[in-house]
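Colleague: Take a look at the following structure, please.
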Amino acid sequence: MKYVHSFMLPIAAVGVLMLPFVLDAASLEPIDSSAVQVQQQQQNGITYLSGGIGEDEAKAIQQTKGYNLHMTFSTGTENKYVPDVNLVIQKSPGQPVLTLSEAGPLVYVQLPPGKYTVIATRNGEERRDTADVGSGAARNLVFHWGSEN
249 MKYVHSFMLP IAAVGVLMLP FVLDAASLEP IDSSAVQVQQ QQQNGITYLS
299 GGIGEDEAKA IQQTKGYNLH MTFSTGTENK YVPDVNLVIQ KSPGQPVLTL
349 SEAGPLVYVQ LPPGKYTVIA TRNGEERRDT ADVGSGAARN LVFHWGSEN
């Protein structure tokens with residue numbers, strides 16, 4: 249019996265050491281495209297994606313290219329994604345270029361280079377941020393509300 253225990257310990261250690269590689273492989277799993285309902289949309293000549301409900305849909309959006317503003321909406325201590333955000337992106341105060349109702353939890357937008365004000369409202373509670381977008385890497389904005397209301 250001693251022989252079996254001493255043999256099992258190295259095998260268990262190898263298993264624990266392999267765990268990070270196994271977890272990385274899981275994130276590379278193919279997306280079930282039948283579960284993905286997100287389609288590219290346009291408003292005022294601005295192309296965008298809004299969605300991300302469910303793991304496959306979220307992965308599909310996160311893997312898209314060509315969007316220079318990425319927004320994520322979440323709530324609570326668990327950072328739960330929320331899909332019920334009213335969103336306004338303004339080029340300058342009072343000049344909206346994109347207005348969405350019930351957007352999210354992920355919104356990816358392709359904007360012309362420039363500085364924008366982003367206003368996200370959920371249950372009457374407003375969050376604001378600015379985004380200076382250009383031709384370089386995408387700008388990421390995260391909007392979080394403290395409670396799950």
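Note that the sequence shown covers residues 249 to 397 in the numbering used here. Don't be surprised by glycine CBs; every beta carbon is placed ideally from N, CA and C.
1) Taking the alpha-carbon of Val390 as reference, which of Gln343, Lys328, Gln338 and Gln291 has the nearest alpha-carbon?
2) State the CB to CB distance for the pair Tyr364 and Gln338, rounded to an integer number of angstroms; the pair is presumed to be in contact (CB under 8 Å).
3) Enumerate, from N- to C-terminal direction, the unbroken beta strand (DSSP E) stretches of 3 or more residues contained entirely within the segment 293 to 350.
4) For Gln287, which of helix, strand or coil comes out of DSSP?
5) How many angstroms separate the CA atom of Leu276 from the CA atom of Gln310?
6) Helix, strand or coil for Asn388, going by three-state DSSP, please let me know.
7) With burial defined as no fewer than 16 other Cβ atoms inside 10 Å of the residue's Cβ, what is the status of Asp304: buried or exposed?
8) According to DSSP, which residues form a beta bridge with Leu359?
9) Compute the Euclidean distance between the alpha carbons of Gly483 and Val330, then round it to the nearest angstrom.
10) Apply the 10 Å Cβ neighbour rule to Gln314 and answer buried if 16 or more other Cβ atoms are within range, or exposed otherwise.
11) Which one of Val336, Trp393 and Gly342 has the shortest CA to CA distance from Val355?
12) Determine whether the beta carbon atoms of Leu346 and Asn292 lie at a separation below 8 Å.
13) Using alpha carbons as the reference points, say which of Ser395, Gln343 and His318 lies closest to Gly372.
Modeller: Let me spell this out:
1) Comparing alpha-carbon positions, the option among Gln343, Lys328, Gln338 and Gln291 lying closest to Val390 turns out to be Lys328.
2) Right, the Cβ-Cβ distance comes to about 6 Å (below 8 Å), so this counts as a contact.
3) Runs of the beta strand (DSSP E) lying entirely within the segment 293 to 350, each at least 3 residues long, are 294 to 299, 317 to 323 and 333 to 340 in chain order.
4) Gln287 falls in the coil class under three-state DSSP.
5) The pLDDT assigned to Leu276 is 48, lower than 50, so where the model puts this residue is not dependable, and the model offers no usable value.
6) Strand, per DSSP.
7) Under this definition Asp304 is a buried residue.
8) BP columns for Leu359 are empty, so no partner.
9) Outside the shown range of the chain (249 to 397) lies residue 483, about which nothing can therefore be said.
10) The residue you asked about is not Gln; residue 314 is Gly in the sequence shown. Exposed, because fewer than 16 other Cβ atoms sit within 10 Å of the Cβ of Gly314.
11) Cα-wise, what sits closest to Val355 is Val336.
12) Taking a C-beta distance under 8 Å as the contact criterion, Leu346 and Asn292 qualify as a contact pair.
13) With distances taken between Cα atoms, Gly372 lies closest to Ser395.
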